Amino acid sequence: MTAINIVVGSVYGGALQTARAIHAQLASEGHQALVLETPELADLTANNDPVLICTSTTGQGEVPPTLLPLYMNLRDTLPLKPGRPFGVIVLGDSSYGDTFCGAGDLMEEVFHEMAGRKVGDTLRIDALETPDPEVIALPWVREWIAQLP
Ligand SMILES: Cc1cc2nc3c(=O)[nH]c(=O)nc-3n(C[C@H](O)[C@H](O)[C@H](O)COP(=O)(O)O)c2cc1C
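In structure tokens:
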């Protein structure tokens, strides 16, 4: 059994709905998971469990307001977590050009700075192509879980 922290950032609810669907799938497969809708630093520093980031992108490649406090705190304090597994699911819209899925890149950067260990390739979900993010997120998560150390 693996305990997963699902760190959510969402403006209009798409990433949150995706995170909840992931949680339901993980639970049905016997994993322990926590959906952190407004994640705080202590949620992550209190344990070494794998982190699954599930965020959308807002502004110009920015992290949603619900995730911004954690992002800023991590960036300011950089609590070292060597080898901590993390994965990234990011929602965006390719019509935004250069800032496509930028929030995922920002989160990945800070987790690398904390010496985390990235598991799997980032899943970028383009709103232009995929109206229902869960449809591709759920099989991705199944593969991601299988790659966890
Ligand atoms: C005001 C606004 C700004 C956005 N900025 C970006 C952006 O810079 N890059 C990107 O890839 N997507 C951008 N998006 C698209 C959202 O990330 C995308 O629609 C996503 O599916 C929304 O997920 P949510 O419902 O969890 O907020 C933006 C959307 C809005 C409404």
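Sequential numbering of the sequence shown, starting at 368, is according to the working numbering.
Virtual Cβ for every residue (Gly too), placed ideally from N, Cα, C.
Quick caveat: nothing in here was measured; it's all calculated off a predicted structure.
Do you know whose CA, among the options, lies nearest residue i's CA?
| i | options | result |
| --- | --- | --- |
| Leu495 | Leu458, Ala504, Glu404 | Leu458 |
| Met439 | Arg491, Val477, Val455, Gly464 | Val477 |
| Leu473 | His398, Leu403, Thr422 | Thr422 |
| Thr412 | Val486, Asn372, Tyr463, Val455 | Asn372 |
| Val402 | Ser395, Leu505, Gln384 | Gln384 |
| Ala386 | Asp499, Pro516, Leu515 | Asp499 |
Do you know how far the Cα of residue j is from the Cα of residue i?
| i | j | result |
| --- | --- | --- |
| Gly471 | Gln392 | 22 Å |
| Asp460 | Leu419 | 20 Å |
| Val430 | Pro406 | 13 Å |
| Leu515 | Arg442 | 25 Å |
| Asp465 | Pro432 | 20 Å |
| Gly381 | Ser395 | 21 Å |
| Glu404 | Thr424 | 15 Å |
Pop quiz: residue i and residue j are said to be a contact at Cβ under 8 Å. What is the actual Cβ separation, rounded to whole angstroms?
| i | j | result |
| --- | --- | --- |
| Ile389 | Val508 | 5 Å |
| Glu480 | Leu445 | 6 Å |
Going by the C-beta, is residue i closer than 8 Å to any heavy atom of ligand 1?
| i | result |
| --- | --- |
| Asp499 | no |
| Ala382 | yes |
| Leu458 | yes |
| Pro431 | yes |
| Thr444 | no |
| Tyr463 | yes |
| Tyr438 | no |
| Gly426 | yes |
Helix, strand or coil, according to DSSP, for residue i in the structure here?
| i | result |
| --- | --- |
| Asn440 | helix |
| Val430 | coil |
| Pro506 | helix |
| Gly397 | coil |
| Ala391 | helix |
Report yes or no: is there a C-beta of chain C within less than 9 Å of the C-beta of residue i?
| i | result |
| --- | --- |
| Glu496 | Structure shown: chain C not included; a single protein chain is present. |
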